[in-house]
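**Q** Numbering-wise (my numbering), the sequence shown opens with residue 262 and increments by one.
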Amino acid sequence: MQRLLTDNIDRIKALCISHNVKSLFAFGSVCTDKFNDQSDIDLLISFYPMDYGDYADTYFDLADKFENLFNRSVDLVTDKSLSNPYFIDSVNRTKTLIYGA
Numbered sequence: 262m263q264r265l266l267t268d269n270i271d272r273i274k275a276l277c278i279s280h281n282v283k284s285l286f287a288f289g290s291v292c293t294d295k296f297n298d299q300s301d302i303d304l305l306i307s308f309y310p311m312d313y314g315d316y317a318d319t320y321f322d323l324a325d326k327f328e329n330l331f332n333r334s335v336d337l338v339t340d341k342s343l344s345n346p347y348f349i350d351s352v353n354r355t356k357t358l359i360y361g362a
């Protein structure tokens with residue numbers, strides 16, 4: 262896992278707690294040696310149950326906060342949105358737990 266994540270782990274955990282996150286995984290280039298200054302950060306997220314309206318607000322607020330924290334683009338993918346088996350396989354090959362179970 263890249264230093265960009267490990268150096269900010271306490272802030273990441275605090276954001277997860279304040280945004281009802283059940284689990285957060287990094288995946289893609291941020292978990293490999295292919296990560297560079299132009300790379301975005303791919304995150305796979307699972308939330309605890311919440312109302313739909315709260316879900317949307319929480320998702321977009323958290324995505325914005327992660328982009329501000331890392332000062333780069335963040336792709337925040339929800340576990341419930343995964344359906345393509347090839348993409349799921351790609352995620353599973355590199356994913357690394359950052360927060361939760």
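The beta carbon of each residue, even a glycine, is placed where N, CA and C say it ideally should be.
Is S307 helix, strand or coil when you go by DSSP?
**A** Counting from one through the sequence shown, the residue named residue 307 turns up at place 46. Three-state DSSP puts S307 in a strand.
**Q** Is F288 helix, strand or coil by DSSP?
**A** Sequence index remark: in the sequence shown, residue 288 carries index 27 (1-based). Looking at F288 - three-state DSSP - the assignment turns out to be strand.
**Q** Give a yes or no on whether the C-beta atoms belonging to D303 and G289 are separated by under 7 Å.
**A** Reading the sequence shown from its first residue, position 42 is the one you call residue 303. Reading the sequence shown from its first residue, position 28 is the one you call residue 289. Result yes, Cβ atoms of D303 and G289 sit closer than 7 Å.
**Q** Whose C-alpha, out of R272, V291 and C277, is nearest the C-alpha of T355?
**A** Here residue 355 corresponds to residue number 94 of the sequence shown, with the count starting at 1. When each option's Cα is compared against that of T355, the closest is V291.
**Q** Bridge partners of G361, per DSSP?
**A** For this step, residue 361 is matched to residue 100 along the sequence shown. The partner list for G361 (beta bridge, DSSP) reads S284.
**Q** Could you tell me which residues DSSP puts in a beta bridge with L337?
**A** Taking the first residue of the sequence shown as 1, we reach residue 337 at position 76. Paired residue(s): L304.
**Q** Whose C-alpha, out of F286, N332 and V282, is nearest the C-alpha of N352?
**A** Position 91 of the sequence shown, counting from 1, holds the residue named residue 352. Here residue 352 turns out to be Val, not Asn, going by the sequence shown. Nearest option by C-alpha distance: F286.
**Q** Near N281, what residues of its chain come up, given a Cβ to Cβ distance below 7 Å and the 5 sequence neighbours on each side ignored?
**A** Position 20 of the sequence shown, counting from 1, holds the residue named residue 281. These residues qualify, in order along the chain: F308, Y309, M311 and T319.
**Q** Using only the alpha-carbon positions, how far apart do K341 and Q263 sit?
**A** Taking the first residue of the sequence shown as 1, we reach residue 341 at position 80. Taking the first residue of the sequence shown as 1, we reach residue 263 at position 2. Answer to the nearest angstrom: the Cα atoms are 26 Å apart.
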